[in-house]
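*Asks:* Please see the structure below; I have some questions.
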Amino acid sequence: MRDGAGGYLVVGRNDRPLPELYVLRPFLPAVAGHRALGDGWQIWELGADAAVADSVALLVDIAAATRAPALLGSFLSAGRAAVEGFSGAGGYWRALVPAGPGAAPCAAEEMAGRAGLWAAAARRAVAGRPIADCLRTPPRTRADGVVEDLLSLLGLPGPAEAVPEPAAERR
Numbered sequence: 006m007r008d009g010a011g012g013y014l015v016v017g018r019n020d021r022p023l024p025e026l027y028v029l030r031p032f033l034p035a036v037a038g039h040r041a042l043g044d045g046w047q048i049w050e051l052g053a054d055a056a057v058a059d060s061v062a063l064l065v066d067i068a069a070a071t072r073a074p075a076l077l078g079s080f081l082s083a084g085r086a087a088v089e090g091f092s093g094a095g096g097y098w099r100a101l102v103p104a105g106p107g108a109a110p111c112a113a114e115e116m117a118g119r120a121g122l123w124a125a126a127a128r129r130a131v132a133g134r135p136i137a138d139c140l141r142t143p144p145r146t147r148a149d150g151v152v153e154d155l156l157s158l159l160g161l162p163g164p165a166e167a168v169p170e171p172a173a174e175r176r
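The numbers in this note's numbering rise by one with no breaks, and the one at position 135 of the sequence shown is 140.
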C-alpha cells in the first residue's frame with residue numbers, strides 16, 4: 006500500500022482465497038494485491054474504494070466463515086493505522102497504531118492483552134510487552150510497516166513459498 010494512501014489489509018486463515026468467501030465477494034473489485042503466509046494465513050490488500058461500512062460485522066462474518074480469527078488493518082491519515090481483530094475466544098479489539106497523543110497510558114497494555122487473546126485463539130504464543138511497545142512507537146517509515154510489525158508480533162507465519170491465485174469464476 007502506498008504511503009498516505011487509504012485502504013485495508015484483510016488477514017485470515019482459509020484454504021481458499023479469502024475474496025471467494027461470500028462475505029468478501031463484494032470487495033473483489035477493490036482487491037489490489039495479496040500474499041500467502043504459511044499455515045493457510047493470507048493477507049489481502051483492498052484499495053481505498055473498498056469502503057468497509059461495519060468493520061466489526063465484517064470481522065465476525067470472516068471469522069465465522071473461516072472458523073479462525075480475523076484481522077482488519079485500515080490506514081488513516083497522518084501515517085496512522087487502526088488494527089481490529091476478532092476471535093470467538095477473545096472477542097473484538099481495536100488498536101490505533103501508534104496509539105495517539107493523549108491516549109491513556111494503559112491503553113497500549115490493554116490492547117496488547119486483547120491482541121494476545123486473539124493470538125492464542127490463532128494458536129500462537131506471544132508476549133504482550135513487545136505488542137504494547139509496537140502500539141506506542143511512532144512509525145519509523147510508513148503505517149503499513151508498523152502493521153506488518155504487529156502481524157509478526159502476533160505470531161503469524163512468514164510468507165509461503167507459493168502465492169495462491171484467485172480461482173476462476175465458478176460455473
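Glycine included, C-beta positions come from ideal geometry on N, C-alpha and C.
Spatial neighbours of Glu170 within its chain, please: C-beta separation below 7 Å, excluding the five flanking residues on both sides.
*Replies:* Confidence at Glu170 is low in this model, with a pLDDT of 47, below 50, so its placement is unreliable and the value that follows should be read with caution. So the list is empty, once near-sequence residues are dropped.
*Asks:* Does the distance from the C-beta atom of Trp49 to that of Pro24 stay below 8 Å?
*Replies:* yes
*Asks:* Could you pull out every residue in the same chain whose Cβ sits closer than 8 Å to the Cβ of Glu114, ignoring the five residues on either side in sequence?
*Replies:* Gly133, Ala137
*Asks:* Drop a sphere of 10 angstroms on the beta-carbon of Gly90, count the other beta-carbons inside from all chains shown, and report buried for 16 or more, exposed for fewer.
*Replies:* buried
*Asks:* By DSSP, does Ala113 sit in helix, in strand, or in coil?
*Replies:* Assignment of Ala113 by DSSP, reduced to helix, strand and coil, places it in the helix class.
*Asks:* Quick one: grab the DSSP three-state call for Leu29.
*Replies:* helix
*Asks:* On the DSSP bridge assignment, give the partners of Val36 in chain order.
*Replies:* Leu51
*Asks:* Can you tell me the Cα-Cα spacing of Val102 and Phe80, whole angstroms?
*Replies:* Answer to the nearest angstrom: the Cα atoms are 9 Å apart.
*Asks:* So what does DSSP say about Leu76, is it helix, strand or coil?
*Replies:* strand
*Asks:* Near Gly38, what residues of its chain come up, given a Cβ to Cβ distance below 8 Å and the 5 sequence neighbours on each side ignored?
*Replies:* Same-chain partners within the cutoff: Trp49, Glu50.
*Asks:* Relative to the C-alpha of Trp179, which residue among Arg18, Ile67, Pro164 is closest?
*Replies:* The structure shown does not extend to residue 179, since the chain spans only 6 to 176, so no value can be given for it.
*Asks:* Give the range of the beta strand (DSSP E) segment to which Gly133 is assigned.
*Replies:* No beta strand (DSSP E) contains Gly133, which is instead part of the alpha helix (DSSP H) from 133-141.
*Asks:* Taking the C-alpha atoms as reference points, what is the distance between Met6 and Asp54?
*Replies:* Residue confidence is low: Met6 scores 46 on pLDDT, short of 50, so the model does not pin down where it sits. Its coordinate-derived value is still stated next. About 13 Å.
*Asks:* What does DSSP give as the partner residues of Val88 in its beta bridges?
*Replies:* Gly78, Ala100
*Asks:* Would you mind working out which of Arg128, Gly121, Ala125 sits nearest Pro135, comparing C-alpha positions?
*Replies:* Gly121
*Asks:* Using a Cβ-Cβ cutoff of less than 8 Å, which residues in the same chain neighbour Pro164 once the five nearest sequence positions on both sides are dropped?
*Replies:* Excluding sequence positions up to five before and after Pro164, its CB lies within less than 8 Å of the CB of Arg40, Ala41, Leu42, Gly43, all in the same chain and listed in chain order.
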